[in-house]
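To start, the structure itself, in structure tokens.
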Amino acid sequence: MSVAYFDGRTSRRRLVELRFGDGLIIVENGDIVADWPFANIRRFDAPHGILRLGATSAAELARLDIRAPDQAALVLRHCPDIAGVGGLVPIKLGRIIGWSLAAAAAIIGTIWFGVPVVADQLTEIIPIAWEKPLGQAVDGQIRLLFGTTACIDEAGVAALNKLVARLQSTANLPIPPEPAVLLSKIPNAFALPGGRIYILSNLIGDAASPDELAGVLAHELGHVAHRDGVRRLLRDGGTGYLLGLLFGDVSGAGAALVAARTLLNSAYSLEVETAADDFSAMVMTRLGRPTAALGALLHRVAPETDTDITLFRDHPLTPDRERRLAETNAPATGPELLSAPEWAALRVICRDISVNGK
Amino acid sequence: MVAPDPNVEPQSIVRFTGDDGAFRRLVTRGAFLEIVTFGFYRFWLVTDIRRHLWSNTEIDGDAPEYTGRGRELLLGFLFALAVLLPVFLLYFLAGLWLERFQAFASIPLYLVLYGFGQYATFRARRYRLSRTIWRGVRFWMTGSGWAYAWRSLLWGLLAMVTLGFVYPWREAVLERYKMDNSFFGDLPARFSATGAQLFGKVWWVWLLGLLPPLLVYGGLVALVVAEKMHLPKDDVSRVAAVIAMAVGGCGLVALPFLHGVRVARQWHWWVSGIRIGDAKITSKLDGAALIGIYWTMIGQFVLWTLLFGVAIGVVTAIIGATLGQPANLTAAMGSLSPWHLVPYVVLYMALVQTLGVVMRIYLQQRIWKVVVGSCALVNVAALANAAAAGMPASAFGEGLADGLDVAGF
């Protein structure tokens, strides 16, 4: 059976014989063309039934293909370091698994413990002025999607501004808030980085008194005061990047990663929302208004019960929030936040459309 | 197809000698290790897959060798992540800056990431090719990843504007750039197939492939219009719309056939275009050769999904039994703890990894086997005396492709 030799310098296929001396001697037409010391010989990938050898002392890609099984076995018996450095060093599976687990633990630990700390620290460092462009980037899209011409009734806007000004006077915000109402059937409100606060019109429709709306606004002012928008951005960015290190392109793991992210975010949101509720209660107490009004509105808008699945929730349960807000509740001692005509104007801030939509 | 002709150039055999069972065991074990290692094993798995495919492909009696290593891919990935971090940050900041002028103005920025992905594709090909050894001589590549990314981006935009019409020409341009920069030792390679040839091979497949979805969609639109116009229930236009949707729906079954034909014809076009020095490859790949592979894969998908569906049913029944008899669904949901999710997560991971194994077997090994088996090398003498040249390229491109989730070829 023939042995094919490739010298690693050209692709010429040379039929050779093998002789055994101090090393493996490769002979072509009676001439010695190479002499590989046995200790230098390494094995390389080849199809089943072929023994492919190279040598650390020969050209890097010089190869010897031996097809006869008995000859291959004989050569192998002479080579002491067939899987040594420079050849196909066997993979140390235990090491890969060990380091992978260590790396995964480090990544998950960093996400769980490190990212919140870093996000908090960075939030402290980032100048408040930088929040504006952050918020504006999202703001433009929101305005385009919702439209901004529906809810700008003059008297209504004046009432809204007055309400926010009253709250702001005791809130000690790092940046002046900019409230606005968007037309929507969904009763909700949210704050963007940079002080922009949006109230969706149906929430005003659902509010029974200025105090209830004030409670929500104060909750959103809490997000502004705590700079939760920036904090969340930093946290989500860091978490997403680090989670991306795991699994890579492993099929289907993407869905598991999204679930993990949702879990992490919701765990974080619970703290943030509770802190904003506390902020709302503090502001309302300073103004001598009832803190439980926010709870009453929540109860009406989102009457959840304890039996819902709590795993992926990003807000605390309404009953818990109601309970917490009720703890600080006291009878009103301060003046009404809005007069009856002002409240009536606010409720029709969206032109031609009754805000409660009912 | 080709009648034996004494004047025809001598052909050398190209064949796949690998064992289906060996590959199945390789990827099954790999899928398991991927889960255990949080995915980090992927670098070693793709290396082992390539080693298996390369070393079991016999070209004129000698098998090539894949000399890449998992460790290189891991380092390339880590290096790419370090580079991508500032890129992602800049991407984010540039997006913010653009959004200030106009809402959604940052969307075209996606093209930058796409360009990066194309750069990675080119560099990944370079890595793979430069780890490919045949007869002691290295394949290798020159050329610029950015020059490639530009071509890909511009032709991609053109393809988008023309609804995919220029796709064949785009494929030809990109493949020509890659192949014209490739070498076997000191022998330059080139790509001789043209976009027009590819278009000629596949245009009718595309048109046929468009028909079923168009029929379904058109029928749907017609029904909606009929509803709006308050046409009677037995109006001829309604009947026609329903028939069109039914025909289109049945036609969807044809899509895997058409896809198989398209892929086979494109492979044939690609392989036949390769020139290395004066050597070339001919292929007798039949248009129908891959259809069986796709249908077997679909069958396996259905089978495994059903099996896992049964397993999920059993798990749910067991959990239900341990919970006793809750008053209603809400109460039942309320009494669930996060631990109840664990068996579902395990089953889900097992299913997607199983499907991943099936995909690797059919889309990689089986297609490789059929395509390789259809090929023959013409004028192998031209390859007999190539001088060694070229250096192994870095795995940075592979890492980048991994970090950006793009598949390169």
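Order-wise, the sequence lines are chains E and F. So the first sequence is residues 879 to 1236, counted in our numbering. So the second sequence is residues -12 to 396, counted in our numbering. Even for Gly, the Cβ is constructed at its ideal location relative to N, Cα and C.
Secondary structure of residue 1204 of chain E (DSSP, three-state): helix.
Beta-bridge annotation (DSSP): residue 128 of chain F is paired with F:169. Close to residue 104 of chain F, with beta-carbon spacing below 7 Å, lies no residue of chain E; the smallest spacing is near 13 Å. Under the Cβ distance rule, residue 377 of chain F does not count among the residues neighbouring chain E, no pair being separated by less than 8 Å. The Cβ of residue 984 of chain E sits no closer than 8 Å to any Cβ of chain F.
In the structure shown, residue -4 of chain F adopts coil according to DSSP, grouped into three states. Inter-residue distance for residue 345 of chain F and residue 281 of chain F is about 11 Å (C-alpha atoms, whole angstroms). Boundaries of the beta strand (DSSP E) around residue 267 of chain F: 266 to 270. Rounded to whole angstroms, the separation of the alpha carbons of residue 96 of chain F and residue 885 of chain E is 50 Å. Not a single C-beta of chain F is nearer than 8 Å to the C-beta of residue 1197 of chain E. Rounded to the nearest angstrom, the Cβ distance from residue 939 of chain E to residue 124 of chain F is 7 Å, consistent with a contact under 8 Å. Residue 1069 of chain E: member of the beta strand (DSSP E) spanning 1067 to 1069, first to last residue.
Neighbours of residue 89 of chain F in chain E, taken as residues at a C-beta separation under 8 Å, are given in chain order as 1018.
Below 8 Å, too few C-beta pairs join the segment 883 to 901 of chain E and the segment 19 to 27 of chain F to call them touching: fewer than three. In the DSSP assignment, residue 391 of chain F falls outside any alpha helix (DSSP H) and carries neither an H nor an E. Membership of residue 977 of chain E in the alpha helix (DSSP H) is indicated by the continuous run 971 to 987.
The bridge partners DSSP lists for residue 900 of chain E come to none. Distance from residue 1175 of chain E to residue 1200 of chain E at the Cβ level is roughly 10 Å; contact not present, criterion being Cβ atoms closer than 8 Å.
Residue pairing of residue 1057 of chain E in beta bridges, as defined by DSSP: E:1075. Taking C-beta separations shorter than 6 Å and ignoring five residues to either side along the sequence, the partners of residue 883 of chain E in its chain run 892, 894, 904, 942, following chain order. Interface with chain F (8 Å Cβ-Cβ cutoff): residue 1003 of chain E is excluded. Assignment of residue 932 of chain E by DSSP, reduced to helix, strand and coil, places it in the strand class. The closest CA to that of residue 1146 of chain E, considering only E:1024, E:1079, E:995, E:1102, is found on E:995. Runs of the alpha helix (DSSP H) spanning 4 or more residues and lying entirely within the segment 198 to 230 of chain F do not occur at all. Sequence-ordered contacts of the segment 923 to 940 of chain E with chain F read 923, 924, 925, 926, 928, 930, 937, 939, 940 [C-beta pairs closer than 8 Å]. In the three-state DSSP reduction, residue 1228 of chain E falls in the coil class, being neither helix nor strand. Between the segment 1095 to 1104 of chain E and the segment 1041 to 1053 of chain E there are three or more C-beta pairs closer than 8 Å, enough to call the two in contact.
Excluding its 5 nearest sequence neighbours in each direction, residue 1078 of chain E has C-beta neighbours in its own chain below 7 Å: 1060, 1062, 1064, 1065, 1066, 1067, listed in chain order.
The beta carbon of residue 1071 of chain E lies closer than 6 Å to those of 1009, 1012, 1013, 1107, 1108 in the same chain, with the five residues before and after it left out. In terms of CA proximity to residue 956 of chain E, E:917 leads the group E:917, E:923, E:946.
Residue 964 of chain E is a Cβ neighbour of residue 934 of chain E, given a cutoff of 8 Å. Here the C-alpha atom of residue 302 of chain F lies approximately 28 Å from the C-alpha atom of residue 979 of chain E. In the DSSP assignment, residue 252 of chain F falls within the alpha helix (DSSP H) that extends over 241 to 260. The Cβ atoms of residue 277 of chain F and residue 251 of chain F lie closer than 8 Å to each other. Take the alpha-carbon of residue 1026 of chain E and the one of residue 80 of chain F: they are about 26 Å apart.
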